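Visitor: For the sequence shown, my numbering assigns the number 9 to the initial residue and increments by one for each residue that follows. Once you've had a glance at the structure underneath, I'll fire off some questions.
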Amino acid sequence: MYSKNRTKANIFITLFCSLNLLSACALNTVNTSPEQLIRKSYISQLNNKERDYFLYLPKGYYSEPDKKWPVMMFLHGNGERGNGKSELDFVLMHGPVYQAWIQKQDLPFIIISPQLHMFDFDQRGIGYIDNRKFADIPQRQAQGTPLNSESRPKQAIQRAQSLQDMSDKSPLLPLGWDKVELDLINILDEVSTNFNVEHNKTYITGLSYGGFGTWFMASQYPNKFAAIAPVVGWGHPDLMQPIADQQLPVWQFAGGRDNAVHIQYFYAGIEKLRELGHNNVRFTVHEEMGHDAWKRVYASSDFYQWLLSHSLK
Numbered sequence: 009m010y011s012k013n014r015t016k017a018n019i020f021i022t023l024f025c026s027l028n029l030l031s032a033c034a035l036n037t038v039n040t041s042p043e044q045l046i047r048k049s050y051i052s053q054l055n056n057k058e059r060d061y062f063l064y065l066p067k068g069y070y071s072e073p074d075k076k077w078p079v080m081m082f083l084h085g086n087g088e089r090g091n092g093k094s095e096l097d098f099v100l101m102h103g104p105v106y107q108a109w110i111q112k113q114d115l116p117f118i119i120i121s122p123q124l125h126m127f128d129f130d131q132r133g134i135g136y137i138d139n140r141k142f143a144d145i146p147q148r149q150a151q152g153t154p155l156n157s158e159s160r161p162k163q164a165i166q167r168a169q170s171l172q173d174m175s176d177k178s179p180l181l182p183l184g185w186d187k188v189e190l191d192l193i194n195i196l197d198e199v200s201t202n203f204n205v206e207h208n209k210t211y212i213t214g215l216s217y218g219g220f221g222t223w224f225m226a227s228q229y230p231n232k233f234a235a236i237a238p239v240v241g242w243g244h245p246d247l248m249q250p251i252a253d254q255q256l257p258v259w260q261f262a263g264g265r266d267n268a269v270h271i272q273y274f275y276a277g278i279e280k281l282r283e284l285g286h287n288n289v290r291f292t293v294h295e296e297m298g299h300d301a302w303k304r305v306y307a308s309s310d311f312y313q314w315l316l317s318h319s320l321k
């Protein structure tokens, strides 16, 4: 009788503990604040007009008020330019905010995603700008179903000889992110002041035009970032000295079949870093991919883990 009652008691205790554990888990889930995507306004130093940028706050940001969060600034490509107001949603087309907000990939970063001024790029007959539609902006997925579709260019891989002499190439693209350098720094400072930021973990990444912008910002503010990741945008050798002096960790990405930003331009800058004694540089070429190699890069958890492995000294 004693043994039977003891067995019943053990079963009761086990069930009681299990129910309490499930209740605790459910309570924890309920109390975890959801991720948020908000618009923040600022006055552009370029023209004294108000513009907006996206600020992504990760899951748990509000429910863990004492936690400090890493910050990632993302610079978009040429096709997502706009007025910073009604056209800001085009920034959601690609990149980390697309992954975190649209695809619901759990990224433990505060993500800053500004929009580059249009300047006159909507008057140059550029098809991917002239023909873009608001209807093409992706909507947030109900279940976070992966929708990344990687294109495969039909042409064969033909590796052109790497250029070593870049003296006749401009370090910057026309009317790029360098034109809003002060805006970017002011936005970073504003977020760092008003949000729960882990100050030694600030990163910058960008694709295509934003990749060039990433190299530029890193060269101007090498002690501002814990690591940089330019994607399908090469860095000019002239920009490399400050990056090497700071030993700023770099992960460069390129597409082997990229017809927009050709692979042969990537090597001179990377080689310059080696010559300057930089010993923390990665260079990954997705040989079978074209310009949209960024889709694979930003969908990869390895990418974000690499960023988080670095802190400012």
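The C-beta atom is built at its ideal place from N, Cα and C for all residues, glycine as well. Small disclaimer: the values here were computed from a predicted structure and weren't measured.
So the alpha helix (DSSP H) ALA307 belongs to, where does it begin and stop?
Guide: Along the sequence shown, read from residue 1 onward, the residue named residue 307 stands at position 299. Where ALA307 is concerned, the enclosing alpha helix (DSSP H) starts and stops at 302–307.
Visitor: Since ALA237 and LEU256 are thought to touch, with beta carbons under 8 Å apart, how far apart are those beta carbons, to the nearest angstrom?
Guide: In the sequence shown, the residue the question calls residue 237 occupies position 229. In the sequence shown, the residue the question calls residue 256 occupies position 248. About 11 Å; that fails the 8 Å criterion.
Visitor: For PHE220, which three-state DSSP category applies?
Guide: For the purposes of this step, residue 220 is taken as residue 212 along the sequence shown, with counting starting at 1. Residue state, collapsed to three classes: helix.
Visitor: Looking at ALA262 and VAL293, is the spacing between their C-beta atoms short of 7 Å?
Guide: Looking up residue 293 in the sequence shown gives position 285. Looking up residue 262 in the sequence shown gives position 254. Contact: yes.
Visitor: Applying the 10 Å Cβ sphere with the 16-neighbour rule, what's the burial state of TYR106?
Guide: Taking the first residue of the sequence shown as position 1, residue 106 is located at position 98. Looking at its Cβ environment, which holds 16 or more other Cβ atoms inside 10 Å, TYR106 is buried.
Visitor: Three or more C-beta pairs closer than 8 Å, one from the region 88–99 and one from the region 60–75: is that the case here?
Guide: yes
Visitor: Given SER31, which residues of its chain have a CB within under 8 Å of its CB, disregarding the five upstream and five downstream residues?
Guide: Start at 1 with the first residue of the sequence shown, and residue 31 comes out as number 23. Caution is warranted here: a pLDDT of 40 is assigned to SER31, below 50, making its placement in the model unreliable, and the coordinate value is therefore given only provisionally. If we look at SER31 and ignore the five residues flanking it on each side, it has no Cβ neighbours.
Visitor: Sort out for me which residues DSSP pairs LYS48 with in a bridge.
Guide: Against the sequence shown, residue 48 aligns to sequence position 40. DSSP, once it has assigned bridges, lists TYR61 as partnering LYS48.
Visitor: For LEU180, which residues in the same chain have their Cβ closer than 7 Å to its Cβ, ignoring the five residues on either side in sequence?
Guide: Indexing the sequence shown from 1 puts residue 180 at position 172. Correct list, in chain order: ASP186, PHE220 and PHE224.
Visitor: In angstroms, rounded to a whole number, what distance separates the CA positions of GLY298 and ARG304?
Guide: Taking the first residue of the sequence shown as position 1, residue 298 is located at position 290. Taking the first residue of the sequence shown as position 1, residue 304 is located at position 296. One C-alpha to the other measures close to 11 Å.
Visitor: For VAL199, tell me which candidate among LYS232, ILE120, VAL289 and PHE233 has the shortest Cα-Cα distance.
Guide: For the purposes of this step, residue 199 is taken as the residue at position 191 of the sequence shown. Taking only the C-alpha atoms, the option nearest VAL199 is ILE120.
Visitor: Can you give the Cα-Cα distance for TYR211 and TYR306, rounded to whole angstroms?
Guide: Here residue 211 is taken as the residue at index 203 of the sequence shown, counted from 1. Here residue 306 is taken as the residue at index 298 of the sequence shown, counted from 1. Distance between the alpha carbons of TYR211 and TYR306 is about 14 Å.
Visitor: Nearest by alpha-carbon distance to ASN86: which of ARG47, TYR50, PHE291 and ASP130 is it?
Guide: Here residue 86 refers to the residue found at position 78 when the sequence shown is read from its first residue. The shortest C-alpha separation from ASN86 is found at ASP130.
Visitor: Is it buried or exposed for ILE207, if we count other Cβ within 10 angstroms and need 16 for buried?
Guide: If you number the sequence shown from 1, residue 207 lands on position 199. The sequence shown places His at residue 207, rather than the Ile named in the question. Counting Cβ neighbours within 10 Å, HIS207 comes out exposed, since fewer than 16 surround it.
Visitor: Going by CA-CA distance only, name the one from LYS141, GLU72, TYR312 and TYR69 that's closest to MET7.
Guide: The structure shown does not extend to residue 7, since the chain is modelled only from 9 through 321, so no value can be given for it.
Visitor: Are GLY103 and PHE117 closer than 7 Å when you measure CB to CB?
Guide: Position 95 of the sequence shown holds residue 103. Position 109 of the sequence shown holds residue 117. No, these two residues do not count as a Cβ contact at 7 Å.
Visitor: Cutting at 6 Å between CB atoms, please list the residues of its own chain near ASP246, excluding the five before and the five after it.
Guide: Looking up residue 246 in the sequence shown gives position 238. Excluding positions up to five away in sequence, the list reads PRO179.
Visitor: DSSP on ALA226, reduced to helix/strand/coil?
Guide: Indexing the sequence shown from 1 puts residue 226 at position 218. Note: ALA226 maps to helix in three-state DSSP.
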